[in-house]
Amino acid sequence: MVTARFVPMVRASRQFTSGAARADFLSWFRRNKNKDTPAVPAQPELQRDTKEVISEIESGKTTEVKSSSVTRLQLTDDDFVGVDLSKQEAQIRSQKLATVPFNQWLSQDKVSTEQQLEQVVSESYLETFGNAPTEEQLGSVFENLVDKFRFTKLLQSKSGHIIPDYQLTRLQTPLEFKSWFENRVLSGKLGKFKESEPNAIDLSDIKFPPNVYVVPDVKPSVKKQKVQKILEEVAALEAQYEREAIEKAKRE
Numbered sequence: 083m084v085t086a087r088f089v090p091m092v093r094a095s096r097q098f099t100s101g102a103a104r105a106d107f108l109s110w111f112r113r114n115k116n117k118d119t120p121a122v123p124a125q126p127e128l129q130r131d132t133k134e135v136i137s138e139i140e141s142g143k144t145t146e147v148k149s150s151s152v153t154r155l156q157l158t159d160d161d162f163v164g165v166d167l168s169k170q171e172a173q174i175r176s177q178k179l180a181t182v183p184f185n186q187w188l189s190q191d192k193v194s195t196e197q198q199l200e201q202v203v204s205e206s207y208l209e210t211f212g213n214a215p216t217e218e219q220l221g222s223v224f225e226n227l228v229d230k231f232r233f234t235k236l237l238q239s240k241s242g243h244i245i246p247d248y249q250l251t252r253l254q255t256p257l258e259f260k261s262w263f264e265n266r267v268l269s270g271k272l273g274k275f276k277e278s279e280p281n282a283i284d285l286s287d288i289k290f291p292p293n294v295y296v297v298p299d300v301k302p303s304v305k306k307q308k309v310q311k312i313l314e315e316v317a318a319l320e321a322q323y324e325r326e327a328i329e330k331a332k333r334e
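The opening residue of the sequence shown carries number 83 in our numbering; numbering runs sequentially from there.
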């Protein structure tokens with residue numbers, strides 16, 4: 083037997099409610115969308131004919147645009163707060179370098195003869211150990227690094243020449259330092275040394291076969307004088323050429 087089952091149907095309904103209008107960010111655009119935007123009046127001094135502007139540009143005249151809305155401030159150093167650190171650091175560095183002791187030590191004229199070198203070595207040894215040195219003491223090795231440091235510091239300050247770190251480590255006796263000064267300073271080799279070319283080899287005292295030519299080393303001061311002389315000669319020739327051209331034009 084078939085029986086029918088009743089299923090109730092539920093209909094949903096949506097109720098319409100009304101509330102207060104809420105203003106959000108986009109409402110401002112919707113509200114002002116249809117409003118007429120007022121035109122910005124052009125400045126009278128900028129309303130010029132295009133042909134007039136082109137003619138002024140072609141003729142080379144400069145047009146100065148004046149605007150009342152632009153204000154330029156006339157500022158001086160007193161209007162800024164603080165100190166320029168770069169200038170201050172450069173000034174402090176230059177003052178410190180001017181008072182560094184080794185800048186006062188350096189000199190090429192303090193030691194130029196063997197007698198001056200012997201005197202400098204003796205004075206350095208006397209101030210370090212408290213007694214005048216003998217030949218045996220000059221040939222003895224320094225007992226400690228403190229004595230060696232004091233002796234080499236006095237030797238550099240009195241002689242006016244800085245000893246390289248490699249030589250300070252390798253040389254062990256006052257006599258070896260004296261020999262180094264004789265070979266490097268008194269011989270003139272140290273005067274030819276260039277910091278820009280530390281590995282350069284001096285070939286001026288070496289004899290070569292006739293087919294080998296060594297270009298002599300020229301000092302920067304000599305090069306500068308020669309270049310200045312060449313420039314002066316070129317300027318004189320140009321002035322002479324101009325005078326001749328003017329005289330020729332007058333005759334024609």
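C-beta atoms are modelled at their ideal positions from N, C-alpha and C, and glycine is treated no differently.
Item to check | contact_flag[the region 234 to 245, the region 254 to 268] where n(CB pairs < 8 Å) is 3 or more | outcome: yes
Next on the checklist: Taking 9 Å as the threshold (C-beta atoms), are residue 268 and residue 181 in contact?
Outcome noted: no
Checklist entry - Taking the C-alpha atoms as reference points, what is the distance between residue 189 and residue 256? => result 21 Å
Checklist entry - Among 206, 251, 292, which one has its Cα closest to the Cα of residue 227? => result 251
Item to check | Backbone CA spacing between residue 173 and residue 183 [nearest angstrom] | outcome: 18 Å
Checklist entry - What residue does the alpha helix (DSSP H) around residue 210 start on, and which one ends it? => result 196 to 211
Item to check | N- and C-terminal bounds of the alpha helix (DSSP H) containing residue 224 | outcome: Looking at the DSSP string, residue 224 is not in any alpha helix (DSSP H), and its letter there is neither H nor E.
Item to check | Nearest-angstrom Cβ-Cβ length linking residue 223 and residue 254, presumed shorter than 8 Å | outcome: 5 Å
Checklist entry - Got a sec, what are the start and stop residues for the alpha helix (DSSP H) residue 139 sits in? => result 132 to 141
Checklist entry - Three-state secondary structure (DSSP) at residue 255? => result coil
Checklist entry - In three-state terms, what does DSSP make of residue 175? => result helix
Item to check | Inter-residue Cα distance where the pair is residue 140 and residue 154 | outcome: 29 Å
Checklist entry - Are the beta-carbon atoms belonging to residue 231 and residue 206 less than 9 Å from one another? => result no
Checklist entry - If we count the other Cβ atoms within 10 Å of its Cβ and call it buried at 16 or more, is residue 176 buried or exposed? => result exposed
Item to check | Sequence-distant residues of its chain with Cβ nearer than 8 Å to residue 341 (five each side left out) | outcome: This structure cannot settle anything about residue 341, because the visible part of the chain is limited to 83 through 334.
Item to check | Backbone secondary structure at residue 166 - three-state DSSP | outcome: coil
Checklist entry - Does DSSP put residue 312 in a helix, a strand or coil? => result helix
Next on the checklist: To the nearest angstrom, how far is the alpha carbon of residue 156 from that of residue 164?
Outcome noted: 18 Å
Next on the checklist: Quick test of your reading: residue 208 and residue 214, contact by CB under 8 Å. State the CB separation rounded to the nearest angstrom.
Outcome noted: 6 Å
Next on the checklist: So for residue 236, helix, strand or coil by DSSP?
Outcome noted: helix
Item to check | Per-residue DSSP class, three states only, for residue 245 | outcome: coil
Item to check | Where residue 267 sits in the DSSP three-state scheme | outcome: helix
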